[in-house]
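This report refers to the structure that appears directly beneath it.
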Amino acid sequence: MAGKVAQDEVQSLVERVGLNPGLLEESVEVLRDAAASLGVLLRHPVHKDTLKVAPLTLFPTVVPQEALNEIVFLQPTINHLMNKVAHDRSFLSLSLGGIAGVDPFIQNLFDIYRQIDFSTQCELGLIRSDYILAQNLSANGGSVSFQQVEVNMVCVGLAALGAKIAPAHKHALQFLGSNLLERSPSITGDTLSVYGEGLRAAYDLYCLEFVRDVGKRAPVMLVVIHDGFEFNIMDQRFVEMAAGVPSLRRTFRQIAETARVDARGCLYVEDREVAVVYYRTGYSPNQYKDRDWEMRLLMEQSKAIKSPSVAHQLAGFKKIQQVLCRTDVLARYIPDQSVISRLLNTFVGQWDLSEKNADEHIEAALREPERYVLKPNREGGGNNFYGHDLVRQIKQVRGTANAQEFILMELIRPVMQENVLIRAEMPPERVQTISEVGVFGVILTRNGGEEVLLNRTAGEVLIRSKADGVREGGVSSGHSCISSVVAV
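In UniProt numbering, the protein residues as written are 1 to 488.
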């Protein structure tokens, strides 16, 4: 009942501003000003010294509390699972070995992975699991639950901006005379604080383990960034500030000019000892030049704590997600069968195009492509295929070695809500929206992942909403808008 009341209130607000252009204009101004004051900003693509308000929804998104609690509860298990998978060499080799043969990017990562003695390493995983609220049409009454889209292991974004939008929404709602967010249950553990805690814990661990001369200049957190323009600079800076440690932002090319490893295995850049290597690039082939791979190997072999390590990055590929849909595979890493069952309830069907047992589902996808999505294996490295493009791509690669590079996935049937999308240099757009929910996790380990020092999740989640029918989902591109949660 509470959920229906909240949804009706949001719908009423949408209709109210829709009928009054002046009220809509002023509401948008109130929200944008509040968001700007909180730092919910992106760098302007043309004027680099100018910041603009990130794409936002005018109103929060209503989410069922029980379903939200379930995916937040599961996040520490996912942290544990991905850590275990990352250090199961035989499993990773079996799962990704074939793909590495046709994908030089994965092969390069594997070449580094094979050269690392992880028993001497400490690692930090900053993880985000993404879900869509789906309608279960087969259940009595049409129940809803979250179904997993993917697990992100590298360059996880929006931990900061996503944490800052709720106060802006609260301010805009107060302007409209609504206390909707104030009636929503309070959420503990904001994402920015949790990520900052993880980076700080990694930094402190390095100092405890390896810094012998406490009087010398403090080590730094090396933030590895890509060459060129960075839209999402505020999100990155907020995370650096939340860590509260000295930091140095450098590209692979800049690192290569001065990087060295001493006899103890400690990494130095510009004569600064590096405690943590925090990657905000490196998930796509176009982010590496030839010598950059040498720098990646140098950093991975050093004592600096990587986030993510190459092991964690390999665990994030779509092929791993597909294999982890099997009960017998999950049972290798998770001892509690009840937790396995709860995790499986969030999964949808996934199949490797190159495997024989996928034939039935491939044929179904060719007949009814609207029920499926075809995903490239790389995390963050390629676009998904839908509809006619899905059919064309399957026909192009089926039966070839390149089929290994794609995972066929059931398309999640989302619950939709009406909202107003607010984007720079565009009029407000009243649309039916689909929302993706991101749950953030942190895991800090040493001794090849065997000793877990920190395993946490944030109660706060990221909400990104886009118009129904829009396939792309990037916030920086304006396809998705940041929202906040009304949990009911």
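The C-beta atom is built at its ideal place from N, Cα and C for all residues, glycine as well.
Should the segment 383-390 be regarded as contacting the segment 422-433, the criterion being three or more beta carbon pairs within less than 8 angstroms?
no
Any idea if Asp290 is buried or exposed, counting beta-carbon neighbours within 10 angstroms, 16 or more meaning buried?
Classification of Asp290: exposed, given that the 10 Å Cβ count is below 16.
Rounded separation between Cys481 and Glu70 - CA only
24 angstroms
Which residues mark the beginning and the end of the beta strand (DSSP E) in which Thr251 is found?
First-last of the beta strand (DSSP E) with Thr251: 247-251.
Beta-carbon separation (whole angstroms), Ala304 vs Val277, contact threshold 8 angstroms
5 angstroms
Among Phe105, Glu209, Asn79, which residue has its Cα nearest to the Cα of Cys122?
Glu209
Assuming His361 contacts Leu408 (C-beta within less than 8 angstroms), just tell me the rounded distance between them.
6 angstroms
Taking the beta carbon of Leu324 as the centre, do at least 16 other beta carbons fall within 10 Å, making it buried, or is it exposed?
buried
Would DSSP call Tyr333 helix, strand or coil?
coil
Reduced DSSP category for Gly438 - H, G, I as helix; E, B as strand; rest coil:
strand
N- and C-terminal bounds of the beta strand (DSSP E) containing Thr457
451-467
What are the boundary residues of the alpha helix (DSSP H) that includes Ile106?
104-114
Quick check: the segment 309-325 against the segment 146-159, are at least 3 beta-carbon pairs closer than 8 angstroms?
yes
Could you spell out where the alpha helix (DSSP H) holding Asp290 opens and where it closes?
290-301
Is it true that the CB of His87 sits closer than 8 angstroms to the CB of Phe118?
A contact, by the Cβ cut-off of 8 angstroms.
To the nearest angstrom, how far is it from the Cα of Leu96 to the Cα of Gln337?
26 angstroms
According to the neighbour-count rule (16 or more other Cβ atoms, all chains shown, within 10 Å of its Cβ), is Met241 buried or exposed?
exposed
According to DSSP, is Met221 helix, strand or coil?
strand
Note down the Cα distance separating Pro285 from Ala168, rounded to an integer number of angstroms.
Rounded to whole angstroms, Pro285 to Ala168 spans 37 angstroms at the Cα level.
Beta-bridge pairing of Cys122 - partner residues as DSSP gives them:
Arg446
Ser307 beta carbon less than 8 angstroms from that of Glu300:
Contact annotation: Glu300 and Ser307 have beta-carbon atoms that are not nearer than 8 angstroms.
Rounded C-beta distance between Ser483 and Arg464? I'm assuming under 8 angstroms.
7 angstroms
So, are the CB atoms of Val30 and His171 less than 8 angstroms apart?
yes
Closest to Tyr206 by CA distance: which of Glu405, Val274, Pro55 is it?
Val274
Going by the CB atoms, is the gap between Ile99 and Ile106 shorter than 8 angstroms?
Ile99 sits close to Ile106, with the two beta carbons spaced by under 8 angstroms.
How would you label Pro21, buried or exposed, when you count the other beta carbons within 10 angstroms and need 16 or more for buried?
exposed
Work out the CA separation of Ser93 and Cys266 for me, nearest whole Å.
The alpha-carbon atoms of Cys266 and Ser93 are separated by roughly 29 angstroms.
For His47, is the classification buried or exposed, using 16 other Cβ atoms within 10 angstroms of its Cβ as the cut-off for buried?
exposed
Where Glu197 falls, given that 16 or more other Cβ within 10 Å makes a residue buried:
buried
Please classify residue 513: is it buried, with 16 or more other beta-carbons within 10 angstroms of its beta-carbon, or exposed?
Examination of residue 513 is not possible in this model, given that the chain is present from 1 through 488 alone.
Collapsed DSSP secondary structure at Glu418 in the structure displayed
The three-state reading of DSSP puts Glu418 in strand, counting E and B together.
Coil, strand or helix - Lys395 by DSSP:
helix
Please go through the same chain and pick out, in chain order, the residues whose beta-carbon is closer than 6 angstroms to the beta-carbon of Leu411, but skip the five residues on each side of it.
Arg371, Tyr372, Val373
Helix, strand or coil for Asn179 per DSSP?
coil
If we ignore side chains and look at the alpha-carbon of each, how far apart do Leu38 and Ile165 end up?
8 angstroms
Just the C-alpha distance for Gly177 and Ala364, rounded to the nearest angstrom, thanks.
50 angstroms
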